[in-house]
Amino acid sequence: MSGMYGAILYNQQKVDRENGAVLLLNKIPDTVDGRYSVAYFNQCFEPYLSANIKTEKTVRHISLNPDPKDKVSDEQFTAMAQEYMERMGYGNQPYIVFKHTDIDRTHIHIVSTCVGVDGKKIPDDYDHPRSMAICRDLEQKYNLHKATEQEQKQGNKVFKPVDYRRGDIKSQIASVVRHLPKYYSFPTMGSYNALLSLFNITAEEVKGERNGQTVNGLVYVALDGNGNKASNPFKASLFGKEAGVAHLQKHFEQSKDKMKTNPARSVLKNTVELAMHTTSNEIEFRKQLTEHGINMVVRRNDDERIYGVTFIDHESRTVWNGSALDRNLSANVFNDWWNNGNKPKLKTQDNPISKTNTIDNLPTKDLFGFISREHSQNVDLGLFSPLPQAQGEDYEEEQFANRMKKKKKKGRRL
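In this note's numbering, each number is its position in the sequence shown, counted from 1, plus 4.
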């Protein structure tokens, strides 16, 4: 399945299931009866994709995500999408504007191609700053909510990964574990360790005996870039009560309660599913997620079998086990895909043709609270965020590349 076909299929199935509508077609002929199919839309992009000279990533997939307090009509969504695409240099490109209404808030996706009719790539110099400037203009023009100064300061809180080679490991660990529970919800020790692993730290439970009673404790250890222990253990008591077992257990219970009703779960699930159906391998999948501020932590045994998958959403600051999001996002599904070559497929409808649903100016629901990011480094992209494109190598990709080198040395098949 090509990236373009997967992106169209993902969005069109929202329409087929009456969870969305096609708001706008640009440089794409309308049908006589207003009925569309995945095959029809894919065919409309084919002349551009066939003319492609050397563009590797041909799909441009963008989402528009207003604040929950904003009431945005279909006409406003359409006008904002048109202005954004025009100013980004896509005014003469074919694109489709889909509206999604399946997760208790309304938002739009725009599917296009960055290959021009001449086969050349649409210039993308300074895409990110240009996009940010356009978003600021649109926020002002349509009187949309902006992040408050306090929210921006909180969003700019940066935790740096521990570098054991720099020394003073204790202070480096402290700067992370003392504050992490204030910002993130994680319901189990496993999810806490998944989050810690992003910062080259692991926590280990230890049991002892005091006055004849069993005592549970916790120690923290620094890791190297390959996930191997790189320091002596440090007792949790060195880092204050926030890093200790008792405080963390309370945090686990509080996180479970919060996450039961957190709308970020549906948004994250949709984002992960979209990545599954628009990428072809683990590296591409990870890249696409990191563009949304989402990290994926995978646990493998010595035989490379995947037995655990955790998603860390830095936008909502929540940590989710794959199977907790959906049974189709469990470790077994990813193991079957990346180790056995059996990529999960979106279920196609019995009737692939669907009529565009008429949704009269539905306002955004008050549950929306997620603004996608282009990169994971706390960059405020604003309203619009590109979905599949990636810029450069990230830390997770380097870890993955190192692991694959080890695998080659073992003589295992990739």
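Cβ atoms here follow ideal geometry from the backbone N, Cα and C, with glycine treated the same way. Predicted model, so just to flag it, every value in this text is computed and none were measured.
Just how far apart, CA to CA, sit Asn147 and Ile114?
22 Å
If distances are taken between C-alpha atoms only, which option among Ser195, Ser54, Lys245 and Cys139 comes closest to Met92?
Cys139
How would you call Ile57, buried or exposed, if buried means at least 16 neighbouring beta carbons within 10 angstroms?
exposed
Helix, strand or coil for His281 per DSSP?
helix
For Asn46, does the three-state DSSP call read helix, strand or coil?
helix
Please identify the residue among Asp172, Pro191 and Lys233 whose C-alpha is closest to the C-alpha of Ser201.
Lys233
Looking at the structure shown, is Arg304 part of a helix, part of a strand, or coil, going by DSSP?
strand
What distance in whole Å lies between the Cβ atoms of Thr322 and Lys189, which are believed to be in contact at a cut-off of 8 Å?
Lys is not the amino acid found at residue 189; the sequence shown has Ser there. Sure, about 5 Å apart at Cβ, within 8 Å.
In chain order, what residues of the same chain lie with their CB nearer than 8 Å to the CB of Asp122, ignoring the 5 residues before and after it?
Ala55
Beta-carbon proximity of Ala198 to Tyr224, cut-off 8 Å:
no
Rounding to the nearest angstrom, what Cα-Cα distance links Ser334 and Ser67 in this structure?
26 Å
What's the C-alpha gap between Thr283 and Ala25?
24 Å
From what residue to what residue does the alpha helix (DSSP H) around Ile177 run?
Ile173 to Val181
Which residues in the same chain have their Cβ closer than 8 Å to the Cβ of Met300, if we skip the five residues on either side of it in sequence?
Phe289, Arg290, Leu293, Val313, Thr314, Phe315, Ile316 and Glu400
Coil, strand or helix - Phe315 by DSSP
strand
Close beta carbons around Arg21, own chain, < 7 Å, minus the five adjacent residues each side:
none
So, with DSSP's three-state summary, where would you put Leu202?
coil
How many Å lie between Glu308 and Trp342 at the Cα?
10 Å
Is the Cβ-Cβ distance between Tyr99 and Asn30 less than 8 Å?
yes
Excluding five sequence neighbours on each side, which residues of the same chain lie with their C-beta closer than 7 Å to the C-beta of Ser195?
Thr314, Val323 and Asn325
Residues of its chain near Leu53, where Cβ-Cβ distance is below 7 Å and the 5 sequence neighbours each way are ignored:
Met8, Thr62, Thr117 and Val119
Taking 8 Å as the cut-off, decide whether the C-beta atoms of Ala226 and Ile173 are in contact.
yes
By Cβ distance below 6 Å, which residues in the same chain neighbour His1 in space, the five residues on each side in sequence not counted?
Nothing about residue 1 can be reported from this structure: the residues present for the chain run from 5 to 418 only.
Starting from His439, follow its DSSP beta bridges and name the residues at the other end.
As displayed, the chain neither begins before 5 nor continues past 418, which places residue 439 out of reach and without an answer.
Alpha-carbon to alpha-carbon, Glu90 and Val76:
20 Å
Tell me the DSSP secondary structure of Asn197 in three-state form.
helix
Between which two residues does the beta strand (DSSP E) holding Ile66 run?
Val63 to Leu68
Inter-residue Cα distance where the pair is Asn365 and Asp34
Reliability fails at Asn365, whose pLDDT of 29 lies under 50, so the model's placement of it is uncertain and the value that follows must be treated cautiously. Cα to Cα, the separation comes out at about 21 Å.
How many angstroms separate the CA atom of Asp330 from the CA atom of Asp71?
26 Å
Answer with buried or exposed for Gly231, where buried requires no fewer than 16 other C-beta atoms within 10 angstroms of its C-beta.
exposed
Every unbroken alpha helix (DSSP H) within the region 6-38, with a cutoff of 4 residues, ordered by chain:
7-20
Buried or exposed, going by whether 16 or more other CB atoms sit within 10 Å of the CB of Ser135?
buried
Tell me, which residues are paired with Phe238 by DSSP?
Tyr224
My assumption, with CB atoms under 8 Å, is that Ala240 sits in contact with Gly221. Please give the rounded CB distance.
7 Å
Using CA atoms only, rank isn't needed, just tell me which of Gly10, Asn336 and Phe45 is closest to Arg304.
Asn336
For Asp144, does the count of other Cβ atoms within 10 angstroms reach 16, so buried, or fall short, so exposed?
Note on residue identity: the sequence assigns Gln, not Asp, to residue 144. Burial call: exposed.
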